[in-house]
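Per the working numbering, residue 83 is the first one in the sequence shown, and the count goes up by one each step.
Note that CB positions come from ideal geometry on N, CA and C, so glycine has one too.
Worksheet: one structure, shown below.
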Amino acid sequence: MDIEQILIESCELRNSSISLFHRTIHEFNWFYQSLIFDKIIYNKEK
């Protein structure tokens, strides 16, 4: 199961609106990309 499917199901369980779901996806993408970016920077500094 991929992350997007998990988010969809969690929003459905909470009866969330689609707009909230899109916001959640956007925030999750930002968070995930930040983690990857930080990890790349960290590995380059070593």
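Straight across, the Cα-Cα distance linking Phe113 with Leu95 is about 22 Å. The Cβ atoms of Thr106 and Leu117 lie no closer than 9 Å to each other. 9 Å or more divides the Cβ of Ile85 from the Cβ of Phe119.
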